[in-house]
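Written below as structure tokens is the structure these notes are about.
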């Protein structure tokens with residue numbers, strides 16, 4: 014009973030942070046004053062296309078990270094102080110996302126574009142590491158999981174997350190080569206994490222279910 | 014039990030996004046510095062009348078979209094990954110609303126005014142399409158609905174939503190003719206969607222209730 | 014069961030809007046760039062004293078309005094479409110509060126100061142009217158109240174709210190005479206509404222409790 | 014039942030305020046326009062290091078204050094008007110935190126740096142006092158606590174909080190000597206409050222458990 018309540022507030026606080034961070038992304042879409050510049054709204058909107066692309070990519074990423082957070086907390090039933098601190102660390106990265114998104118939208122000229130993309134992909138790499146830390150801490154010997162958690166579902170998440178940081182490092186590497194490719198890679202990675210982890214193939218013997 | 018919890022967090026996250034997006038609208042009401050310009054607050058407030066009108070219309074629209082979201086989730090009892098992604102898509106449009114609202118408030122001169130109104134009405138058209146997608150996915154063969162959901166109430170929603178995108182396209186067309194008329198049409202459409210869908214008239218045989 | 018859930022989401026959405034609106038007030042506390050002006054932080058902070066006063070008054074008012082909202086929904090157990098629309102109207106005024114607060118903080122010179130204070134007090138007068146509308150709609154013939162609601166407690170709220178708009182109109186009048194007095198009156202009124210409504214004195218026969 | 018609901022909404026509103034305040038911190042991370050200045054993003058990011066340090070410290074502090082708020086409300090089971098007002102006071106300080114954080118990030122030159130650090134540490138000192146007020150009001154003679162609250166756990170919190178304001182005053186003093194040391198002290202204090210209060214050592218006889 015107490016445990017449920019505790020998870021409840023941690024989830025509610027996290028939901029709030031995700032919701033605010035994802036909504037603040039719209040503040041990065043801004044236009045020069047109508048009065049100051051020549052009256053050509055169409056041209057200004059076209060100039061904002063990189064900002065729109067960064068908005069959609071960041072929105073998809075934060076949104077799908079929320080789906081993942083929600084998925085983890087379907088299994089996590091108790092919170093303790095280390096978990097709350099790891100969750101705070103994860104939320105700090107989420108809250109930070111609008112900043113590199115704004116950089117990426119604004120610095121579209123060489124060589125700053127590479128640095129902005131580096132910061133953007135680096136943020137998501139750290140985020141993937143935080144998700145691994147949170148999940149491994151909670152799932153280690155079923156420490157904080159539901160006693161009735163399906164071991165296969167737990168393993169499927171662990172397996173899916175294991176390579177997350179590596180994949181994000183590849184997107185990070187692409188940022189040095191060709192920036193749009195790295196943004197596209199981030200979008201693909203977000204979609205990959207939107208899918209639930211696959212159950213192990215039958216050739217791999219699954220641990221006996223107690 | 015699990016399903017209820019899942020709907021709970023999806024609703025809580027959505028509530029948060031709606032709440033933040035609707036509140037951020039006030040940031041579009043801004044005045045030039047008191048120090049920089051001549052001290053005529055009254056005149057400046059009058060110049061903000063289009064911004065106030067856009068604020069009220071967007072607030073009413075997001076608020077009534079929240080009422081609709083709430084109404085749908087009275088019937089939806091389970092969430093799966095596609096529903097969460099469709100919900101994210103819908104929330105992305107909601108989060109985007111403050112941007113065309115700001116455009117409409119700021120670009121009051123021809124021909125930019127038409128382009129701003131086009132983006133404003135276009136956003137609401139896409140929003141109406143997203144609502145249809147979400148509802149049709151969830152209600153198709155009662156996929157994610159409450160087993161005890163009243164089929165007539167479900168049909169009433171489907172019927173009311175069917176013409177939503179079309180109505181918004183008409184408002185969209187008005188934007189090319191006379192911008193204030195299209196804003197008024199959006200306000201009327203919001204009020205139309207505030208009302209619950211009408212039950213089918215008795216001449217139409219309703220499906221047998223199982 | 015259904016009714017409780019409906020109240021639950023209306024309360025959650027309202028909590029979100031109150032929480033965001035009250036937090037956005039801090040954005041009105043801003044300083045000129047450290048780089049642009051001469052390095053005298055102390056003086057600049059002193060120049061912000063009206064902004065701090067407006068921040069504290071608005072925070073107290075929104076916070077206490079939240080306490081009142083919470084108190085009403087202790088008795089309200091069901092929501093219908095008109096109540097949701099009245100609640101949206103009330104929330105729109107809450108969301109609007111940061112704007113007149115910013116005006117009051119920035120326009121400290123005559124005659125704009127009076128106009129800003131007029132808008133500030135006027136907003137709170139409209140807010141008091143909205144609270145009356147919401148409560149009267151819900152409590153009329155116990156329409157949406159808990160069936161076990163204590164009639165004396167319900168009457169105490171009705172009695173306390175009846176004179177709210179009048180009191181705020183007095184603060185509004187003070188704004189034309191002396192602005193700081195009207196701000197102080199708003200702060201006093203907030204504290205008055207923080208107290209629960211008094212039960213009727215024994216000389217007034219209370220309605221029989223069923 | 015009623016009591017639980019009341020705590021529920023107070024916690025939900027507080028969660029919302031904490032979530033928004035902690036997320037708004039990212040707005041303090043801003044860069045000069047890409048177009049206006051010379052294109053050297055790396056140098057500009059380096060110049061933002063104090064802002065990043067202030068962001069991390071404030072995020073950790075607000076986050077850990079949320080953990081403490083959550084810990085207190087594990088024991089608090091009922092709310093009354095004074096508690097709601099004390100909670101509002103505490104939330105007002107939380108909401109205020111982004112302002113001194115922005116000052117600290119922006120005013121990095123003598124003597125303004127000391128004044129900014131003074132305001133920063135002073136805010137946290139007042140916050141520590143507010144936490145003591147809230148807890149002492151709620152726990153005085155178990156006024157609003159769960160009847161089954163463990164007296165040792167309650168005492169452990171009281172003991173840990175007693176010296177909070179004093180410790181923050183020391184960080185406040187450090188701000189006059191060497192600003193980075195005071196920021197580090199604040200970070201250490203946040204970590205100290207992240208740990209649950211220690212149970213009393215066995216030599217101190219604990220009060221009999223009723």
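Protein chains in written order, with the working numbering: chain P, 14 to 223; chain V, 14 to 223; chain E, 14 to 223; chain G, 14 to 223. We put the beta carbon where it would ideally sit given N, CA and C, even for glycine.
Under 7 Å by beta carbon: chain G residues contacting residue i
i	result
residue 111 of chain P	39
residue 42 of chain E	112
residue 135 of chain E	Ordered by position in chain G, no residue passes the 7 Å Cβ test against residue 135 of chain E, which lies about 24 Å from the chain.
Option nearest residue i by Cα separation, candidates the options
i	options	result
residue 206 of chain E	G/54, G/83, G/95	G/95
residue 72 of chain V	E/80, E/61, E/83, E/100	E/100
residue 192 of chain V	V/98, V/129, V/111, V/80	V/129
residue 197 of chain P	P/97, P/66, P/104	P/66
residue 35 of chain G	G/68, G/201, G/148	G/68
residue 60 of chain E	E/166, E/121, E/182, E/152	E/121
residue 111 of chain P	G/41, G/190, G/201	G/41
residue 201 of chain V	V/168, V/153, V/180	V/180
residue 189 of chain E	E/124, E/78, E/155	E/124
residue 37 of chain P	V/109, V/203, V/174	V/109
residue 204 of chain G	G/105, G/153, G/62, G/78	G/78
Distance CB(residue i)-CB(residue j) smaller than 8 Å
i	j	result
residue 113 of chain E	residue 145 of chain E	no
residue 30 of chain P	residue 80 of chain P	no
residue 116 of chain G	residue 140 of chain G	no
residue 176 of chain V	residue 28 of chain P	no
residue 118 of chain E	residue 151 of chain E	no
residue 32 of chain G	residue 39 of chain P	no
residue 83 of chain V	residue 22 of chain E	yes
residue 103 of chain V	residue 143 of chain V	yes
residue 92 of chain V	residue 147 of chain V	no
residue 166 of chain P	residue 155 of chain P	no
Own chain residues within Cβ distance below 7 Å of residue i, not counting five before or after
i	result
residue 24 of chain V	86
residue 159 of chain E	88, 90
residue 199 of chain P	70, 74, 134, 137, 184
residue 208 of chain G	none
residue 126 of chain V	120, 192
residue 182 of chain V	138
residue 76 of chain P	35
residue 62 of chain G	none
6 Å Cβ shell around residue i - same chain, five flanking residues per side excluded
i	result
residue 194 of chain P	187
residue 15 of chain P	Low per-residue confidence applies at residue 15 of chain P: pLDDT is 40, beneath 50, and the placement is therefore not dependable, though the value from the model is reported in the following sentence. Closer than 6 Å at the Cβ level, and outside the excluded window around residue 15 of chain P, lies no residue.
Residues that residue i contacts on chain E, provided the C-beta gap is smaller than 7 Å
i	result
residue 22 of chain G	24, 28, 83
residue 101 of chain G	76
Residue(s) in a DSSP beta bridge with residue i
i	result
residue 89 of chain E	E/158
Residues that residue i contacts on chain V, provided the C-beta gap is smaller than 7 Å
i	result
residue 35 of chain P	30, 108
residue 207 of chain P	94, 98
residue 79 of chain P	26
Interface partners of residue i on chain P, CB under 8 Å
i	result
residue 193 of chain G	Here the premise fails: no neighbours, minimum Cβ distance about 21 Å.
Contact test: residue i Cβ vs the ligand ATP heavy atom, cutoff 7 Å
i	result
residue 82 of chain G	Ligands displayed in this structure: none; no statement on the ligand ATP is therefore possible.
Partner residues on chain G for residue i, Cβ-Cβ distance less than 8 Å
i	result
residue 189 of chain E	Those do not exist, as residue 189 of chain E stays about 29 Å from chain G at its closest Cβ, beyond 8 Å.
Chain V contact residues for residue i, given Cβ-Cβ distances below 8 Å
i	result
residue 128 of chain E	54, 55, 58
Cβ-based neighbour list, residue i, same chain, cut-off 8 Å, excluding 5 preceding and 5 following
i	result
residue 53 of chain G	none
residue 20 of chain E	86, 89, 90, 91, 92
Neighbour list for residue i in chain P, Cβ cutoff strictly below 7 Å
i	result
residue 144 of chain G	Correct list: empty, because the minimum Cβ distance to chain P is about 17 Å.
Amino acids of chain P, ordered along the chain, whose beta-carbon sits closer than 9 Å to that of residue i
i	result
residue 185 of chain G	In chain order: nothing, as chain P lies at least about 25 Å away.
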